[in-house]
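Beneath this line is the structure, given in structure tokens, with notes to follow.
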Amino acid sequence: MIGNEPRFGPAPVGNTGAEPGNRPLVLVSVLGIIVVGVLWIGILGKVFTGGSRVVQGVPLAVGEQTELTEPATPGDISRNPLLSPGREVTAAQCSLPALGTTAPELEAFYREGLVCLDKAWTPVLRAVGKPMVSPKLSIADIPKAKCGVSPTEEEALAFYCNRDRTIYMPRDRLMRAAGDSAPYHLAVLGHEYGHHVQALTGILSAAATQEDTEDEDAALTVSRRTELQANCLSGLFLDAARRGGALESDFVDEAVDSFGDTLSSDTHGSRRNQLEWAERGAKGGTTASCDTWSASTTDVE
1 MIGNEPRFGP
11 APVGNTGAEP
21 GNRPLVLVSV
31 LGIIVVGVLW
41 IGILGKVFTG
51 GSRVVQGVPL
61 AVGEQTELTE
71 PATPGDISRN
81 PLLSPGREVT
91 AAQCSLPALG
101 TTAPELEAFY
111 REGLVCLDKA
121 WTPVLRAVGK
131 PMVSPKLSIA
141 DIPKAKCGVS
151 PTEEEALAFY
161 CNRDRTIYMP
171 RDRLMRAAGD
181 SAPYHLAVLG
191 HEYGHHVQAL
201 TGILSAAATQ
211 EDTEDEDAAL
221 TVSRRTELQA
231 NCLSGLFLDA
241 ARRGGALESD
251 FVDEAVDSFG
261 DTLSSDTHGS
271 RRNQLEWAER
281 GAKGGTTASC
291 DTWSASTTDV
301 E
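Note that the sequence shown ends on residue 301 in full-length UniProt numbering; no numbers are left out.
Below is the structure:
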């Protein structure tokens with residue numbers, strides 16, 4: 001059983017092999033009680049290689065004590081009410097301010113983005129009998145989350161803490177990585193909100209219990225299914241915002257394309273699959289389109 005310390009262990013950019021012990025979902029044991037990990041879900045800051053943006057990410061976790069039933073299987077998770085039979089994401093009728101680079105301007109953009117995300121996802125969550133809790137937001141350059149020691153810029157560009165239901169978008173990191181690209185910023189926000197949806201529907205905790213029963217390779221597959229699903233959920237939102245008139249098609253296309261500005265990652269999947277799952281969401285359909293849990297191994301490599 002992995003110990004209580006947060007596990008920060010991104011593979012180097014471009015590395016497709018797993019580092020020993022870098023398990024993406026961490027569970028801890030306290031006084032003999034098995035506990036479910038609280039997920040740090042993060043997107044690593046981009047680096048520049050030949051002029052191309054490269055984005056990579058890793059989920060990080062620390063322990064939280066909770067009741068644990070039998071470990072979930074991929075089949076169990078695919079039967080989650082969010083995914084089966086699937087729901088259409090509501091066309092989001094909202095507006096976004098122009099992206100500014102000052103802290104107040106950037107926070108205003110994110111907060112209006114969360115308004116749009118809430119409008120799109122609230123009917124879905126209510127329809128599947130799950131509570132709607134709007135996530136909190138922090139753009140602090142030195143994040144202080146309840147999930148333990150926050151990841152450094154080298155470890156994560158943005159991340160979600162399940163314990164305090166907060167999306168952390170550190171301003172300096174994101175400005176260095178995304179600059180003034182509003183589609184890029186919104187794509188990251190949509191991905192982290194996707195993890196919030198996973199948390200509210202029980203998918204994150206189910207994934208964590210499964211990870212604890214698996215060997216290293218299988219545990220990384222769990223991570224990829226989780227991350228690729230968040231890409232797809234972000235794509236669903238972007239399509240909903242386009243249908244509602246909040247976003248232009250060119251904006252959505254650029255946001256979706258940003259998921260392909262990556263290198264292959266053993267925790268997040270290949271570059272092809274990272275883009276493919278974002279595109280699946282952006283093509284419309286229902287949340288069933290984002291069922292990475294019943295997808296073939298090839299589709300989540």
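Quick reminder that beta carbons are idealized off the backbone N, C-alpha and C, glycines included.
Distance between residue j and residue i (C-alpha atoms, nearest Å)
{"i": "Ala278", "j": "Ala288", "result": "14 Å"}
{"i": "Gly21", "j": "Gly113", "result": "A caution first: Gly21 carries a pLDDT of 33, below 50, which makes its placement in the model too unreliable to give a value."}
{"i": "Leu83", "j": "Cys290", "result": "7 Å"}
{"i": "Ala178", "j": "Gln198", "result": "25 Å"}
{"i": "Val149", "j": "Pro143", "result": "9 Å"}
{"i": "Asp257", "j": "Gly235", "result": "10 Å"}
{"i": "Val36", "j": "Thr298", "result": "Because the pLDDT at Val36 is just 29, under 50, the model does not fix this residue reliably, and the point stays unresolved."}
{"i": "Trp121", "j": "Asp212", "result": "29 Å"}
{"i": "Ser29", "j": "Tyr193", "result": "Note that Ser29 scores 20 on pLDDT, short of 50, meaning its location in the model is unreliable and no value can be drawn from it."}
{"i": "Val115", "j": "Ala72", "result": "32 Å"}
{"i": "Ile34", "j": "Cys161", "result": "Residue placement at Ile34 is poorly supported in this model, since its pLDDT is 22, which falls under 50; the coordinates are not used for a value here."}
{"i": "Ala246", "j": "Glu214", "result": "42 Å"}
{"i": "Thr152", "j": "Phe259", "result": "21 Å"}
{"i": "Asp217", "j": "Glu276", "result": "22 Å"}
7 Å CB neighbourhood of residue i in its chain, flanking five on each side removed
{"i": "Arg111", "result": "Leu137"}
{"i": "Met132", "result": "Thr122, Leu125, Arg126"}
{"i": "Arg88", "result": "The question names Arg, yet the displayed sequence has Glu at residue 88. Excluding residues within five positions, the ones whose Cβ falls inside 7 Å are Thr286."}
{"i": "His191", "result": "Ile43, Ala230, Asn231, Ser234"}
Where residue i falls, given that 16 or more other Cβ within 10 Å makes a residue buried
{"i": "Ser95", "result": "exposed"}
{"i": "Val252", "result": "buried"}
{"i": "Ala75", "result": "Per the sequence shown, the amino acid found at residue 75 is Gly instead of Ala. Exposed is the call here."}
{"i": "Pro170", "result": "buried"}
{"i": "Pro183", "result": "buried"}
Backbone secondary structure at residue i - three-state DSSP
{"i": "Gly269", "result": "strand"}
{"i": "Ser181", "result": "coil"}
{"i": "Leu137", "result": "strand"}
{"i": "Cys94", "result": "coil"}
{"i": "Thr73", "result": "coil"}
{"i": "Ile262", "result": "The sequence shown places Thr at residue 262, not Ile. Reduced to three states, the DSSP call for Thr262 is strand."}
{"i": "Gln119", "result": "Gln is not the amino acid found at residue 119; the sequence shown has Lys there. Residue state, collapsed to three classes: helix."}
{"i": "Val252", "result": "helix"}
{"i": "Val300", "result": "helix"}
{"i": "Ala246", "result": "coil"}
{"i": "Leu186", "result": "helix"}
{"i": "Thr287", "result": "helix"}
{"i": "residue 340", "result": "Here the chain has residues from 1 to 301 only, and residue 340 is not among them."}
{"i": "Ser78", "result": "helix"}
{"i": "Met175", "result": "helix"}
{"i": "Ser150", "result": "coil"}
Range covered by the beta strand (DSSP E) that runs through residue i
{"i": "Thr166", "result": "166 to 168"}
{"i": "Phe159", "result": "158 to 161"}
Contact test: residue i Cβ vs the ligand FAD heavy atom, cutoff 7 Å
{"i": "Asn231", "result": "This structure does not include the ligand FAD; it has no bound ligands of any sort."}
Contact set for residue i: own chain, Cβ-Cβ below 6 Å, skip 5 residues either direction
{"i": "Asp185", "result": "Rather than Asp, the amino acid found at residue 185 in this sequence is His. Hits under 6 Å: Ala178."}
{"i": "Thr292", "result": "Arg225, Leu228, Gln229, Val300"}
Residues of its chain near residue i, where Cβ-Cβ distance is below 8 Å and the 5 sequence neighbours each way are ignored
{"i": "Asp164", "result": "Lys136, Ala145, Lys146, Cys147"}
{"i": "Ala108", "result": "Pro97, Gly100"}
{"i": "Ala206", "result": "Ala72, Asp76, Ile77, Asn80"}
Terminal residues of the alpha helix (DSSP H) in which residue i lies
{"i": "Arg242", "result": "216 to 243"}
{"i": "Ala295", "result": "Taken as a continuous stretch (DSSP letters only), Ala295 belongs to no alpha helix (DSSP H), as it is neither H nor E."}
{"i": "Glu211", "result": "203 to 211"}
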